[in-house]
Each structure stands twice: as structure tokens, then as C-alpha cells.
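J.:
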Amino acid sequence: MTSINMSNITANIEEIIKIQTFVRGCLCRARVVQIVNELIEEIHAKRKKRAVLEAGTAREDNKEEGDSSTHSIDLPEIMPDNPKRGELLKSSRNESVRDILTKMEGSVSATSTRSWSSKKKAGDKASLNEAPVPPLTTESPAGSIKSPFTSGKLRSNATKHVLSSEEILREQEIRLNEEIQHLLEDIKRVGVSGKPFVNFGELFDDDEVANYYEALVGTLKAAKKKKLISYEGQILLKGVNDEAEIRIL
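Numbering-wise (this note's numbering), the sequence shown opens with residue 131 and increments by one.
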């Protein structure tokens, strides 16, 4: 009897456990379904609210467009100054744009009409407001055209400009001649036993020459052009023409 009772109890416990597991599973599934339904309802509510807001915005935009089409135009801002302005300001502000523009065109054309003066007679005096217009060009007795704007001051400035350019060229020539004379002395100093020739590499590497000349190659070329020195080639390059002999003529 005891063993039978124990087996029954064990079977009952297993059934109870199965039932509890099943109930828990059902509760979990129900909770999940409930959460999903709540999310779906929330999404639908947001979409519905958004649709209502968009519809309200569209209605407001349409209303604003309709109101703007019936706005009256501020006449003082667009009307020109003319004697009839006071009469136009008294008109109704509810007039159509076409009527206002028609009145504007009529008033502008009336005020902008040019009144031509009658032909002057020979005895009439010239008006004080009519100043004679000076001619742009005048003709000299020799027949050549001379501009009245060419004054002595302008000609003087042009002459000074030419003289200043000539002075600059003259100063550059003097400075170049001084550098060439200094170069000839350096060739004699750096050359072997003061002889009037030297290699380009030795002259280029000399400290005094390097400190004095900004462009030794250019000075050598200018001295060669003046036929004061001679060397082979046109341009001497360091590392390429180090053995080139520079000789004083």
C-alpha cells in the first residue's frame, strides 16, 4: 500500500509540474501577444496623430494662400510722387491689382511726358542753366587733333616717369659694372699664384665670393657678354662645369 501511494504521489507531482509549465508558457505567450498589440496600437495612434497634424497644416497653408490672394496693396509704397497721389490714396483699398496698375500707368505716362520748348529766336538770350559743353577734342592750326585734357602737368609727369626709368637702368648698369670689376679681382685672387684664370669650382667654393654675389653665374655671363672674360659654354653649373677655366681677356 505504501509503495502504491508513493507512486501515485510521484505521478501527481509530475502532472502538476507539467501543468505549471504549460500555464507559465501560456502566460508568457499571452504577455508577449499583449505587448505586441500595445506596440501596434501605439504605432497606429502615432500615425493617426501625424495624419491629423499634416491635414491641419495643409488647411492652414491653403487658408494663407487664399488670404494672400485677397490682400490689398499698400498704395503709398508703390505710387510715384505726382499731384494725383492724394486722390488715389482716397480710393478704396479693396480695389483689384489690375485697376491700381492701370491708374499707375496712366499717372506715370502723364507725369513723364516731355514738354519740348519752342524754337529759340535769334534775339533770345541763352538760359543761365544751359552751360556750353566743351568739345572733347580741338583741332590745331596745323590740322592735327589735340586733346584738351593733355595739360602741361601730365606731360611733365610723363617726362619724369621716363627719366626715372632711365635713371634706374643707369643705376643697374653702374652696379653691374662694379660687380664685374670685383669679380675680376676675385679671379686674380683665387687663381693660382695670381694668374688671370681660375676654375669655376674653385671660384664658386670661395667663401668671399659666395658671400658677395647673389648670382655668380649671372655676373659671369654678363662679364663674358662684355668680352671681359672667356669660358666654354653659356651657363656654368656647380658639379657639372667645375673644371671649366675662366680666363680674363
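Backbone N, C-alpha and C fix where the C-beta goes; we use that ideal spot for every residue, glycine too.
If you're wondering where the values come from, they're calculated on a predicted model, not measured in any experiment.
To which residues of the same chain is D372 closer than 7 Å at the C-beta, ignoring the five residues directly before and after it?
T.: If you number the sequence shown from 1, residue 372 lands on position 242. If we look at D372 and ignore the five residues flanking it on each side, its Cβ neighbours are N329, F330, G331.
J.: Does the region 295-302 touch the region 346-361, meaning 3 or more C-beta pairs lie closer than 8 Å?
T.: No: fewer than three Cβ pairs fall under 8 Å.
J.: Per DSSP, what kind of secondary structure is I310 in: helix, strand or coil?
T.: Start at 1 with the first residue of the sequence shown, and residue 310 comes out as number 180. I310: helix per DSSP, three-state reduction.
J.: Would you mind reading off the limits of the beta strand (DSSP E) that contains V328?
T.: Taking the sequence shown and counting its residues from 1, one reaches residue 328 at position 198. Run containing V328: 327-329, per the beta strand (DSSP E) assignment.
J.: Based on the DSSP output, what are the partners of I359 in its beta bridges?
T.: Indexing the sequence shown from 1 puts residue 359 at position 229. I378, per the DSSP bridge assignment.
J.: Give me the Cα-Cα distance between K178 and V163, rounded to the nearest whole angstrom.
T.: Here residue 178 refers to the residue found at position 48 when the sequence shown is read from its first residue. Here residue 163 refers to the residue found at position 33 when the sequence shown is read from its first residue. For K178 and V163, the distance between alpha carbons rounds to 22 Å.
J.: Using only the alpha-carbon positions, how far apart do L333 and L313 sit?
T.: For the purposes of this step, residue 333 is taken as residue 203 along the sequence shown, with counting starting at 1. For the purposes of this step, residue 313 is taken as residue 183 along the sequence shown, with counting starting at 1. L333 and L313: Cα-Cα distance of roughly 10 Å.
J.: Look at the alpha carbon of R189 and the alpha carbon of N167, and state the distance between them as a whole number of angstroms.
T.: Taking the sequence shown and counting its residues from 1, the one referred to as residue 189 is at position 59. Taking the sequence shown and counting its residues from 1, the one referred to as residue 167 is at position 37. Going from the Cα of R189 to the Cα of N167 covers about 33 Å.
J.: How long is the line joining the alpha carbons of R159 and E171, rounded to whole angstroms?
T.: As a working mapping, residue 159 is identified with position 29 in the sequence shown. As a working mapping, residue 171 is identified with position 41 in the sequence shown. Cα to Cα, R159 sits roughly 18 Å from E171.
J.: Of the residues L379, L306, P326, which one's Cα is nearest the Cα of V347?
T.: Within the sequence shown, numbered from 1, the residue matching residue 347 stands at position 217. Checking every option, the nearest Cα to that of V347 belongs to L306.
J.: State yes or no: is the C-beta of T120 within less than 7 Å of the C-beta of E309?
T.: Here the chain has residues from 131 to 379 only, and residue 120 is not among them.
J.: For a quick check, are the C-beta atoms of D336 and V320 less than 7 Å apart?
T.: As a working note, residue 336 is residue 206 in the sequence shown. As a working note, residue 320 is residue 190 in the sequence shown. In contact: D336 and V320 (Cβ atoms closer than 7 Å).
J.: With distances taken between CB atoms, is the gap from I378 to P326 smaller than 7 Å?
T.: Along the sequence shown, one-based indexing puts residue 378 at 248. Along the sequence shown, one-based indexing puts residue 326 at 196. Yes.
J.: With distance defined between alpha-carbon atoms, name the residue in G155, I146, E144, A352 nearest to Q311.
T.: Here residue 311 is taken as the residue at index 181 of the sequence shown, counted from 1. Nearest C-alpha to Q311: A352.
J.: Nearest-angstrom Cα distance between Q302 and A345?
T.: The count along the sequence shown starts at 1 and reaches residue 302 at position 172. The count along the sequence shown starts at 1 and reaches residue 345 at position 215. Cα to Cα, Q302 sits roughly 14 Å from A345.
J.: Could you tell me the distance, in whole angstroms, from the CA atom of V153 to the CA atom of N192?
T.: If you number the sequence shown from 1, residue 153 lands on position 23. If you number the sequence shown from 1, residue 192 lands on position 62. Near 58 Å, if we compare the C-alpha coordinates of N192 and V153.
J.: If we ignore side chains and look at the alpha-carbon of each, how far apart do A175 and L157 end up?
T.: Here residue 175 is taken as the residue at index 45 of the sequence shown, counted from 1. Here residue 157 is taken as the residue at index 27 of the sequence shown, counted from 1. If you take the alpha carbons of A175 and L157, they lie about 27 Å apart.
J.: Taking only the alpha-carbon atoms, compute the straight-line gap between L299 and K355 and give it to the nearest angstrom.
T.: Position 169 of the sequence shown, counted from the first residue, corresponds to residue 299. Position 225 of the sequence shown, counted from the first residue, corresponds to residue 355. For L299 and K355, the distance between alpha carbons rounds to 17 Å.
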